[in-house]
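K.L.:
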Amino acid sequence: MGDAAYHKNRPDTLPAPSGCPVDHAFSPFSDDYQADPYAELEKRRNNSPIFYAEDLGCLVLTRMEDVEEVFKDPTIFSSENVQDPVIQICDAAFKVLEAEDFNPIPVMSNCQRPDHTRIRKHTQAGFSGRRMRVLEPYIRQRCETLVSAMLEGDAPAEFVSHVGYPLPGDTIFRLIGFPESDDRMLKEWTGNRLAFMWGKADEDEQVAIAENLLAYWRYCAEFVQMRKDDPADDFTSELLAAHDADPDDLSLQEIGSAVYGLSFAGHEIVTNFLSNSLILLLSDRPQWEKICADPARIENAAQEVLRHSSPQTGWRRVANADTEIAGIKIPAGTHIFLSLASANHDEAAFGDPRAFDIERENASNHISFGRGIHFCLGSRLAILETNIALQTLTREAPSLDLVADQKFTYFPNITLRGPEKLWLTWNA
Ligand code: HEM
């Protein structure tokens, strides 16, 4: 695949910078981290807050101030590696992606300046307040339908499959403008990319996922062509209007690539946000009852969920030049793992960080949406969806509760965290 390709394997990672502590045990794939990343990170943050994780081939930053510093310096710290697979993509999967018409390119999270600045101006306009207002009635209606279907069935019910997974997927497809009749097929194509990029998919899985990526890209490219002739009130048509106004400022390939990336950026992460919200709120009945009695509290509660149990626990950068972080000299080419989970629990940024407190005054200072030029484009949408879901659930099912003694499992990966299944019960 060419240099500008969206999916690529990297050359070998660099060893630990000299003088930097090496951690042979730290891994987001370890059983201990899977069970409780916050305990694992707290130990490191207190002992050696910057260390080299052998398993990841990355320098790991655990303090808020260091993570912020890296986010805010895109000249030195490039985001070109954020979508890189954790393990090398096998030849058979690459063969699938070598199809002549498979040519998505980095345009957002893994894109660099000056292209990023030029493209972001357009994609940001596509996430305007007006676009959110156009989308809101759909989210409300879809959420009510999904929640009603769950509550009309027998308790207990599994939340992720009933509401948590479909709601953000359907929302992002409507934002882009895809027709509802294609939802089922689109979900099949887009469902398992997490394993490909940030997990450890085996070779057969990689090939199956690559085939889905190819099918999905072809659909995106055709959809952009179709919308060009038949515009509507959606994100894609908005980008196409910018293309028509100045084709050199935004190409059709860039629009297709933006659409391609968006369905992943805005789906499972919101599923996790919804599930993590329910786990935290229902585990602490008085706080759940407070939001039932006063839905105006939901907004800050959602921010505290993002701080306490971020749906995105890690992200990456690579140093473009020799540099230094907190006195440690870092050679160009060093890959860096930014632990958002750890920064959000940094005692220097938040008092009593392990406590979940919906009234925490500085909850929204969390770093779950990043900082700087790549700050999450969908943050308003993610918050809107979660507010709507919590408003609907507190109104329709104030007796909602977690099924006791369930053990949550998390799909092993370096970026996202939310339960694969979440069993809920309520008084019929
Ligand atoms: C709670 C849910 C979400 C979280 C925690 C989250 C988190 C993040 C983070 C950490 C970044 C990277 C920031 C950086 O590299 O500096 C990011 C970027 C991005 N997010 Fe989100 N995100 C969420 C939901 C969404 C949604 C719903 C969408 C779209 C519908 C979305 C679209 C994007 C895009 C396009 C970027 C890249 C922006 C750029 O590079 O200019 N995200 N997000």
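Counting in my numbering, the sequence shown runs from 261 upward without gaps. The beta carbon of each residue, even a glycine, is placed where N, CA and C say it ideally should be.
Quick check on the burial criterion: 16 or more other C-beta atoms within 10 angstroms. Buried or exposed for THR594?
P.N.:
buried
K.L.:
Which residue from SER388, LYS381, GLU471 and MET486 puts its Cα closest to that of THR450?
P.N.:
GLU471
K.L.:
Between ALA609 and LEU473, what straight-line distance do the alpha-carbon atoms span, to the nearest angstrom?
P.N.:
40 Å
K.L.:
Suppose contacts are defined by Cβ-Cβ distances below 8 Å. Is ILE365 in contact with TYR479 by that definition?
P.N.:
no
K.L.:
Applying the criterion that 16 or more other CB atoms from any shown protein chain within 10 Å of the CB defines a buried residue, is SER537 buried or exposed?
P.N.:
buried
K.L.:
Mind checking whether the beta-carbon of ARG655 lies closer than 7 Å to any heavy atom of the ligand HEM?
P.N.:
no
K.L.:
Does the stretch 278–285 come close enough to the stretch 598–612 that 3 or more CB-CB pairs lie under 8 Å?
P.N.:
no
K.L.:
At what residues does the beta strand (DSSP E) containing GLU584 begin and finish?
P.N.:
583–585
K.L.:
With a threshold of 6 Å on Cβ separation, who are the neighbours of SER278 within its own chain once the five nearest residues in sequence on each side are excluded?
P.N.:
none
K.L.:
Just to confirm my understanding: we take PHE438, look at its own chain, exclude 5 residues before and 5 after, and list those with CB closer than 7 Å. What are they?
P.N.:
LEU446 and PHE483
K.L.:
To which residues does DSSP link TRP683 through a beta bridge?
P.N.:
Partner(s): GLU418.
K.L.:
Please name the residue in LEU411, PRO297 and SER628 whose C-alpha comes closest to that of ALA688.
P.N.:
LEU411
K.L.:
Say yes only if the C-beta of PRO571 is nearer than 7 Å to one or more non-hydrogen atoms of the ligand HEM, and no if none qualify.
P.N.:
yes
K.L.:
Mind checking whether the beta-carbon of SER324 lies closer than 7 Å to any heavy atom of the ligand HEM?
P.N.:
The sequence given here places Met at residue 324; Ser does not occur at that position. No, Cβ of MET324 sits at least 7 Å from all heavy atoms of the ligand HEM.
K.L.:
Nearest to ILE717 by alpha carbon, out of ASP326, ASP315 and CYS280?
P.N.:
Absent from the structure is residue 717, since the part of the chain shown begins at 261 and ends at 688.
K.L.:
Within the continuous alpha helix (DSSP H) that includes CYS480, where are the two ends?
P.N.:
Note, CYS480: alpha helix (DSSP H), 463–489.
K.L.:
If you count every other CB in all the chains shown that lies within 10 Å of the CB of THR431, and 16 or more means buried, which is it?
P.N.:
buried
K.L.:
For GLY574, write down the residues that DSSP places opposite it in a beta bridge.
P.N.:
SER599
K.L.:
Among ALA264, LEU566 and ASP554, which one has its Cα closest to the Cα of GLU340?
P.N.:
ALA264
K.L.:
Quick check on this structure: which residue in VAL407, ASP291 and PRO679 has the alpha carbon closest to the alpha carbon of GLN572?
P.N.:
PRO679
K.L.:
Candidates HIS376, ILE349 and TYR425: which alpha carbon is nearest PRO459's?
P.N.:
In the sequence as displayed, the identity of residue 459 is Gly instead of Pro. Cα-wise, what sits closest to GLY459 is ILE349.
K.L.:
Considering PHE331, what are the terminal residues of the alpha helix (DSSP H) in which it resides?
P.N.:
324–331
K.L.:
Terminal residues of the continuous beta strand (DSSP E) containing CYS318?
P.N.:
318–321
K.L.:
Taking contact to mean at least 3 C-beta pairs separated by less than 8 Å, is the stretch 543–561 in contact with the stretch 577–594?
P.N.:
Result no; under three Cβ-Cβ pairs closer than 8 Å.
K.L.:
Cβ of GLY521 within 7 Å of any heavy atom in the ligand HEM?
P.N.:
yes
K.L.:
Between the beta-carbon of LEU301 and the beta-carbon of ILE310, is there less than 8 Å?
P.N.:
no
K.L.:
Flag this pair as touching only if the stretch 523–534 and the stretch 639–648 have three or more C-beta atom pairs under 8 Å; answer yes or no.
P.N.:
Contact holds: three or more Cβ-Cβ distances are below 8 Å.
K.L.:
If you count every other CB in all the chains shown that lies within 10 Å of the CB of ASP628, and 16 or more means buried, which is it?
P.N.:
Residue 628 is actually Ser in this sequence, not Asp. Buried, since its Cβ has 16 or more Cβ neighbours within 10 Å.
K.L.:
Which residue marks the beginning of the beta strand (DSSP E) containing PHE524, and which one marks its end?
P.N.:
Unbroken run through PHE524 is the alpha helix (DSSP H), 512–525; no beta strand (DSSP E).
K.L.:
Where does TYR692 fall in DSSP's three states?
P.N.:
A question about residue 692 goes unanswered here, because the residues of the chain that appear run from 261 up to 688.
K.L.:
On a CA-only basis, which of PHE597, LEU510, HIS568 and ALA299 is nearest GLY611? Give me that one, please.
P.N.:
HIS568
K.L.:
So what does DSSP say about ASP344, is it helix, strand or coil?
P.N.:
coil
K.L.:
Quick one, are the C-beta atoms of PHE597 and ALA313 less than 8 Å apart?
P.N.:
yes
K.L.:
Since ILE558 is in the alpha helix (DSSP H), which residue starts that stretch and which ends it?
P.N.:
558–568
K.L.:
According to DSSP, is VAL367 helix, strand or coil?
P.N.:
coil
K.L.:
Return the CA-CA distance between THR669 and LYS681, expressed in angstroms with no decimal places.
P.N.:
7 Å
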